[in-house]
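One structure is given below, encoded as C-alpha cells.
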Amino acid sequence: MTAIVSETKLISITEGFHLQYDSKYDKFYPTVLQQMLPITQMLQQLDNSPSIQDYFDEVRQRFIDANGYSAKGKNMLIARMEKLKGVVSGNDPKRVMADLSLQDIPRVKRQLPVALKKQKRSKSQGENFQTYYQLFNRVMAEARNDGFICMELHIKSSKTKSQVQTKPFTVDDLAALFNGWPYSQPTSEQAKKISRDAHPYRFWLLPLGIFTGARLNELCQLRVHDIQRDDNNVNVISINDNGFNKQLKNEQSRRDIPICSALLDMGFLEYVQERSEQSGKNGQLFEELSYSKEHLYSRMPSRFFCGYSTGTGYIGEHCEHAQEGALNFKSCRTIFAQRLQFSGIAEITIAHLLGHRSGTCEVTQKHYLDKPYSVFLKEALEKGLKFGVDYSHLHWQHYKAIIESQQGRSRRGRRPKTHA
C-alpha cells in the first residue's frame, strides 16, 4: 500500500506576504482567500497609506479647490484643519491613515477641547466642537473613499441643545444702545472724563448696521470711494471688493444700498467728506481699523460690541438679555430685515438689500418697475425702517467733540496686529 504524500503550497497574497498550506486543502482554497480579503486590503492600505498629516493637507486642498470659499472662509478652514490634524495624528508625523481605528474616536473627543483651549473665552466654543466633528467626518469620508481606512470613522454629535439663533434688537435695546456714551452730548468737561477711546467706528457702525443691513466686515472695509451718488441722484453705499484686502462673502453680496435720510441727518456725508479730505477717495472710511487674514477688518469692532465672552462688550452693557447669547452685531441685520418685512416690503427686495440676491431680482428691476431701482430701494428703506426710537440727538458733530477732547491722550488697550 502506497502512502499518500501531501504537497506544501505557497501562494503570494500580496507583496511580502504569503500563504502556505497543504495541498490536501485545495478544495478550501477559494473560501480561505475570500476570508482573507479584509487582511489583504488592510496590508495594502498599510503599505500605501500616507501619513495623517500629509493626507489632511491634501484633503484640505481638495476642499478649497472644490468649494467657492471666501478668503475668510479659506483661512478658517486652514486653521481648523491644522488643529484637527494635530489632534488626529497625536502630533506624530509618522503615523499613517491606515493606523486609525474606532479607538481613536474617544481620544479625538477628549483631546479636541485641549486644542481649542485658546478659544475658551469665546461664546461659540460649544458650536466649535460641532464644527470640528463635522470636519473630521468629512475627512474620514474622503479617506474611506480613497481606500486608506477600511471602516467608517464617524463622530456623533454630543450636542444637547440647539444652537442659539441671533435675535433682533428690541425697541428697548435700541433705545439703550443709542443712549450710551458714543451718542451723548457732553460738555467739554464731561467729554474729557469719558474713559473709552472715541474711534469713529464706535459711533457709526451701529446706525449703519440697522439702516443698511450690511454685514460687519462689509462696513468695516469700506473706502471713501464706496460712498457714491448714482445716475439717479441717489446716495448709495457700494458693497464691493474693489480695493486692497477687500472681500465679499460671495458674488451675491455685491450690491448698492441707498443711504436713507436718518443717516444723512446724523451727518454721515459730512463724515465721508472729512475722510475724503484727510485720506483721499481711496482712503479707508474707518482708518483706525487694521486688516488681518483671520478677522479681516472687523476684529476691533467685534471686540468692542460683543466683548470677549457672552453678554459683554458695548451690547452686553446696554441690552438686558445679552447674557442669553442671542444678541450681537448681527442683530442689526436681523432687525433691518424684520422691520422691512413687517412694513410689507417684498421678500425679493429684502433679499437684494441683504446681499442674498437672485436672478429674479434683476428681472424685477428691468421689466416690472416704473422707476429706477435705486429710487425704488430708497423708498422701501424710508417706508420700512421705522424703529420707534428717538435718534434725533445722534449727530457726528457731537461725537467729534469727544474725539477732540481726547487729542494727545494715549490710546487704551493693545494695538491691533497688522499684516502686509
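Each step along the sequence shown adds one to the number in UniProt numbering, with nothing skipped, and position 181 is 181.
Positions of the beta carbon are idealized from the N, C-alpha and C atoms, including for glycine.
Quantities reported herein were computed from a predicted structural model and do not represent experimental measurements.
Looking only at its chain, what residues have a beta carbon closer than 7 Å to the beta carbon of M97, apart from the 5 residues adjacent to it on each side?
Answer for M97: S49, P50, I52, Y55, A143, F148, I149, listed in chain order.
Give every residue of the same chain whose Cβ lies closer than 6 Å to the Cβ of G243, excluding the five residues on either side of it in the sequence, and list them in chain order.
Annotation for G243: R223 place their beta carbon closer than 6 Å to its own, counting only its chain and skipping 5 residues before and after.
Have a look at G384 and H352 and give me their C-alpha separation to the nearest angstrom.
15 Å
V272 versus L248 - alpha carbon distance:
Computed Cα separation, rounded: 22 Å.
Close beta carbons around R121, own chain, < 7 Å, minus the five adjacent residues each side:
Confidence at R121 is low in this model, with a pLDDT of 46, below 50, so its placement is unreliable and no value can be given for it.
Host alpha helix (DSSP H) of S89 (start-end):
71-89
Find the nearest neighbour of E218 within the set P207, D241, I194, judged by alpha-carbon distance.
D241
Nearest neighbour of E294, chosen from K94, L77, R110, Q20 [CA to CA]:
L77
Residues in its own chain within less than 6 Å of S124 by CB, not counting five upstream and five downstream?
With a pLDDT of 45 at S124, under the threshold of 50, the modelled position of that residue is not reliable, and the figure given next carries that caveat. Nothing meets the Cβ criterion.
For L296, write down the residues that DSSP places opposite it in a beta bridge.
S292
Is D370 helix, strand or coil when you go by DSSP?
coil
Below 8 Å on the Cβ atoms is my contact criterion, and I expect S157 with Y183 to pass it. Report the Cβ-Cβ distance as a whole number of Å.
With 8 Å as the limit, S157 and Y183 do not qualify as a contact, their Cβ atoms being about 42 Å apart.
Assuming A380 and L354 form a contact by the criterion Cβ under 8 Å, report the distance between their Cβ atoms to the nearest whole angstrom.
So it is not a contact: roughly 12 Å between Cβ atoms.
Could you check what DSSP says for P106 in three-state terms: helix, strand or coil?
helix
Neighbourhood of F63 by C-beta distance below 7 Å, restricted to the same chain and skipping five residues each side:
L77
Three-state class that DSSP yields for S124 in the structure shown:
With a pLDDT of 45 at S124, under the threshold of 50, the modelled position of that residue is not reliable, and the figure given next carries that caveat. Coil, per DSSP.
According to the neighbour-count rule (16 or more other Cβ atoms, all chains shown, within 10 Å of its Cβ), is Y314 buried or exposed?
buried
Closest residue to F329 among G283, G209, P372, S410 (Cα-Cα distance):
G209
Could you tell me the boundaries of the beta strand (DSSP E) in which Q228 lies?
227-229 is the span of the beta strand (DSSP E), which, as asked, contains Q228.
Would DSSP call R215 helix, strand or coil?
Under the three-state reduction of DSSP, R215 is assigned to coil, being neither helix nor strand.
Measuring CA to CA, which of D173, F28, D197, L285 is closest to A326?
The residue with the shortest Cα to Cα distance from A326 is D173.
Residues in its own chain within less than 7 Å of V87 by CB, not counting five upstream and five downstream?
V108, Q111, L112, A115
Inter-residue Cα distance where the pair is S290 and F304
14 Å
Would you check if the region 387-396 and the region 250-267 touch, i.e. whether three or more CB-CB distances between them fall below 8 Å?
yes
Tell me which residues share the same chain as R80 and place their Cβ nearer than 8 Å to its Cβ, disregarding the 5 neighbours each side in the sequence.
T131, Y132, L135
Along the chain, where does the alpha helix (DSSP H) that runs through V59 open and close?
52-66
Best match in E274, P93, D226, V236 for proximity to N282 [C-alpha to C-alpha]:
D226
Quick check on R409: does DSSP put it in helix, strand or coil?
coil
Excluding the 5 residues preceding and the 5 following I403 in the sequence, name in chain order all residues of the same chain whose CB lies nearer than 6 Å to its CB.
A198
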